[in-house]
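> I am attaching a structure below and will ask some questions about it afterwards.
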Amino acid sequence: MDITIRKELFKALRTVDQDDKKWKETVDASASHLSSMCNLCEQLRCCDKVNLETTPLRSFADIKDRLQYKIIYSLEIIVEKLRDNLKLLHDIQKRSNRNYRQCMEVYQSNAAQLGIDKVIERSATEPSITDMLEWLYDIDRILTLQYAKRKLLLDIVRYDQDYVDNLSKQWKDSGDLHSLVGNVMAHTCFFMAEEDDTR
Amino acid sequence: MAETSKTPKKKRHSTSSTASGDSVSKQSPKPTALTGSSRKIKDHCADWHNYINKWETINDQGFQLVSSIANCKIQAQSSEAPEKTVNVITREGDINNLQEGSHKMPVELNDYCTQLETAYNSMSKLVKKMEIICTNLKGVCDLELHQNNGAWSDKPLFQTWPTKLFYDASSELLSMYKKELPIKQIILQEIAHTEDRDRLMFYVATWLHQPYIEDNSKTLLESMLVETGHR
Numbered sequence: 000m001d002i003t004i005r006k007e008l009f010k011a012l013r014t015v016d017q018d019d020k021k022w023k024e025t026v027d028a029s030a031s032h033l034s035s036m037c038n039l040c041e042q043l044r045c046c047d048k049v050n051l052e053t054t055p056l057r058s059f060a061d062i063k064d065r066l067q068y069k070i071i072y073s074l075e076i077i078v079e080k081l082r083d084n085l086k087l088l089h090d091i092q093k094r095s096n097r098n099y100r101q102c103m104e105v106y107q108s109n110a111a112q113l114g115i116d117k118v119i120e121r122s123a124t125e126p127s128i129t130d131m132l133e134w135l136y137d138i139d140r141i142l143t144l145q146y147a148k149r150k151l152l153l154d155i156v157r158y159d160q161d162y163v164d165n166l167s168k169q170w171k172d173s174g175d176l177h178s179l180v181g182n183v184m185a186h187t188c189f190f191m192a193e194e195d196d197t198r
Numbered sequence: 000m001a002e003t004s005k006t007p008k009k010k011r012h013s014t015s016s017t018a019s020g021d022s023v024s025k026q027s028p029k030p031t032a033l034t035g036s037s038r039k040i041k042d043h044c045a046d047w048h049n050y051i052n053k054w055e056t057i058n059d060q061g062f063q064l065v066s067s068i069a070n071c072k073i074q075a076q077s078s079e080a081p082e083k084t085v086n087v088i089t090r091e092g093d094i095n096n097l098q099e100g101s102h103k104m105p106v107e108l109n110d111y112c113t114q115l116e117t118a119y120n121s122m123s124k125l126v127k128k129m130e131i132i133c134t135n136l137k138g139v140c141d142l143e144l145h146q147n148n149g150a151w152s153d154k155p156l157f158q159t160w161p162t163k164l165f166y167d168a169s170s171e172l173l174s175m176y177k178k179e180l181p182i183k184q185i186i187l188q189e190i191a192h193t194e195d196r197d198r199l200m201f202y203v204a205t206w207l208h209q210p211y212i213e214d215n216s217k218t219l220l221e222s223m224l225v226e227t228g229h230r
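Residue numbers (numbering that gives the first Met the number 0), protein chains in the order written: chain L, 0 to 198; chain S, 0 to 230.
Shown next, in the form of structure tokens:
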């Protein structure tokens, strides 16, 4: 295979592995924020349900409004933290996209020289160029969808229990991303090892 | 929720004959130059910081206690209806699903209530100390008016603040804590006798979030500390 395309694929796949770990860490780091959100929504719900007139706090006429303000303020702080995590996920997605595009650019500028036979050639220890390009595309697609899902959840966030429970569940779910990356890394381990040795 | 900030060292300056208002300066007077009113104001600003920090610490301890009391009550209710799974409150972290609990009210409930009462009493003492600060600052203002024939001094004691502003800021802070204290008392009196889960959560949230301690309390405190050179 052409050395240039091999180099680009090696760089891209190495980044994929690192970014998969970073993605998982970032999603895991959001767990405490999501838990806090659920708890605060529960407090908001209870505050809304309580009939102040039946409590000894009835003489504090504006206490419910004040409490709701404080809870929503805390919720907004947490949403900002989730947005910070989302930014990290976006950086990962952009990097993946950039890697894929770079590999495609190098492939396309060398495609005529390589010829179709070389491009689809596989061996027992190495997948073909097309395989690896296709995997990079799949990973980029999943990352794009996963990022877009989380972005939408935050853009239309509502502070009600059902929505936040669903947000929490959806946020933690990265779909097939990790299994796909695991499979890709397994299939390319000899390729990666060989490229690493020649560097 | 409570911010932790460094406690400014409370500087007790030796009395000096150097006047504090020699020149118009954007810097706070150096510690050795502070006497009389400016020393009093600077010390009281440090007091405000210390008292508010202590209040926040007690509030956090109190939150743990009210949560524990609420959890005991919910646990007792769930033990009467073993099929139900209820959410148990912890600090803005987890909501744990509770399985069957014990059939009796836990023996710790009495301890929690006693500790909560101790926490409330400490908060009550802090508010009394805050009142003393305000009284003293009122005295400083009255002295300045007396010394200037009913007018305020042209020169600020520190950087830009007229003396009255320290009293106004202190009064505003005191007002917040005086409004918050009776709420703490009501929660103390009611929480162990409340059966309704929503009301329990409402009391816990009210204790935690302190609805009458407004957002600008931090700004007021920091402004006083910056003005007097603590920051």
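All residues carry an ideal CB built from backbone N, CA and C; glycine is no exception.
#1: Going along chain S in order, which residues have a C-beta closer than 7 Å to the C-beta of D49(L)?
#2: Counting beta carbon pairs with one atom in the segment 130-139 of chain S and one in the segment 184-193 of chain S, are three or more of them shorter than 8 Å?
#3: Kindly indicate which three-state DSSP category V106(S) falls into: helix, strand or coil?
#4: Helix, strand or coil, according to DSSP, for P181(S) in the structure here?
#5: With the cut-off set at 8 Å, would you say H208(S) and L66(L) are in Cβ contact?
#6: Taking 8 Å as the CB-CB cut-off, is Q169(L) touching chain S?
#7: In the segment 44-70 of chain L, which residues sit with their C-beta less than 7 Å from some C-beta in chain S, listed in chain order?
#8: Taking CB distances under 8 Å as the criterion, tell me whether E189(S) reaches chain L.
#9: Residues of chain L with a CB under 7 Å from the CB of I185(S): which are they?
#10: Can you pull the chain L neighbours of P210(S), defined as C-beta to C-beta under 7 Å?
#11: Go to Y68(L), then tell me how far its alpha helix (DSSP H) extends in each direction, as first and last residue.
#12: What does a CB cutoff of less than 7 Å around E194(L) pick up in its chain, not counting 5 residues either side in sequence?
#13: Could you tell me the alpha carbon to alpha carbon distance between L219(S) and L156(S), rounded to whole angstroms?
#14: Using CA atoms only, rank isn't needed, just tell me which of P105(S), I212(S), E179(S) is closest to Y119(S).
#15: With a cut-off of 8 Å, does the C-beta of E41(L) fall near any C-beta of chain S?
#16: Of all Cβ atoms in chain L, is any one closer than 8 Å to the Cβ of T218(S)?
#17: Helix or strand or just coil, what does DSSP make of V156(L)?
#18: Using a Cβ cut-off of 8 Å (strictly closer), state whether V204(S) contacts chain L.
#19: Going by Cα to Cα distance, which pick from I73(S), C112(S), W54(S), D195(S) is closest to I212(S)?
#20: Check whether the Cβ atoms of M36(L) and I77(L) lie closer than 8 Å to each other.
#21: Taking any Cβ of chain L, which residues in the segment 46-76 of chain S have a Cβ under 8 Å from it, in chain order?
Checking against the coordinates, here is how it stands:
#1: For clarity, residue 49(L) is Val in the given sequence; the question names Asp instead. For a Cβ distance threshold of 7 Å, residue set D197, R198, F201 of chain S lies close to V49(L), ordered along the chain.
#2: Contact annotation: the segment 184-193 of chain S does not touch the segment 130-139 of chain S, with fewer than three C-beta pairs closer than 8 Å.
#3: Three-state result, V106(S): coil.
#4: The answer is helix: DSSP assigns P181(S) an H, G or I state.
#5: Yes. Within cutoff.
#6: Under the Cβ criterion of 8 Å, Q169(L) is not counted among the residues facing chain S.
#7: Residues passing the 7 Å Cβ filter: C45, C46, K48, V49, T54, P55, L56, F59, I62, R65, L66, K69, I70.
#8: E189(S) counts as touching chain L.
#9: Residues of chain L passing the Cβ test: P55, L56.
#10: Result: I62, R65, L66, K69.
#11: Start and end: 62-118.
#12: By the criterion of a C-beta distance shorter than 7 Å, E194(L) is surrounded in its chain by R5, F9, once the five residues flanking it on both sides are discounted.
#13: Between the C-alpha atoms of L219(S) and L156(S) there is a straight-line separation of about 18 Å.
#14: Restricting attention to P105(S), I212(S), E179(S), the CA atom closest to the CA of Y119(S) is found in E179(S).
#15: By the rule that beta-carbons nearer than 8 Å mark a contact, E41(L) touches chain S.
#16: No - not a single Cβ of chain L is within 8 Å of the one on T218(S).
#17: Coil at V156(L), not helix or strand.
#18: Before going on, a small fix: residue 204(S) reads as Ala here, not Val. At a cut-off of 8 Å between beta-carbon atoms, A204(S) makes contact with chain L.
#19: Per the Cα distances, W54(S).
#20: Yes.
#21: None of the residues of the segment 46-76 of chain S has a beta carbon lying less than 8 Å from any beta carbon of chain L.
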